[in-house]
Amino acid sequence: MSGIIGGAGSRSGNVGETEIDYETGTWTPQSSEGSLFTDNVGRYVKVGRLVFVSGNFDVDDTNTNGTSFTISDLPFIVESGDESLGAGVIHATTPTHEYQLRAQSSSYRIQLYKGASRTYANEKGVDFWFSFSYITQTY
């Protein structure tokens, strides 16, 4: 981060009296509808209130009833209001649908939709890779 603002580039560097807020880590994407996900791994970077998450998960073959699902247990709570609901991309191993991601206001969840009609995704036996950014309530 060297040279960001007037030479204050280290994690512990000060800009005026304010420390640069930067954090990285791992998290485990979960399905809020039960144990539908396997091989689920996630990483995050938080700069100020902006959070970038990425990861992958496999939807279990046993999702026979077509349960829709959300990616839950985000590392930081999503800010309330539509302006903070984020943006991202997702890729699936069986690209028969377009998918959309949308963070749920004041929650730790991202809803997964398929198609332009925004119907809830309810896949089974599909692997997903995603990257998403959102605004959090916390600094």
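Those letters in the sequence shown? Residues 18 to 156, by the numbering used here.
Where a beta carbon is used, it is the ideal one built from N, C-alpha and C, also for glycine.
Between the alpha carbons of Q47 and T111 lies a gap of roughly 21 Å.
Within the same chain, and ignoring the five residues on either side of I94 in sequence, the residues whose Cβ sits closer than 8 Å to its Cβ are S123, S124, Y125, T153, Q154, T155.
Distance between G105 and Q117, taken at the CA atoms: about 8 Å. Bridge pairing for I37: absent [DSSP]. Between I127 and I88, the C-beta gap is smaller than 7 Å, which places the two residues in contact. Setting aside the 5 residues that flank it on each side, N57 is surrounded in the same chain by T45, P46, Q47, G72, N73, F74, D75, each with a C-beta closer than 8 Å to its C-beta; the list follows chain order. In the DSSP assignment, R60 falls within the unbroken beta strand (DSSP E) covering 54-64.
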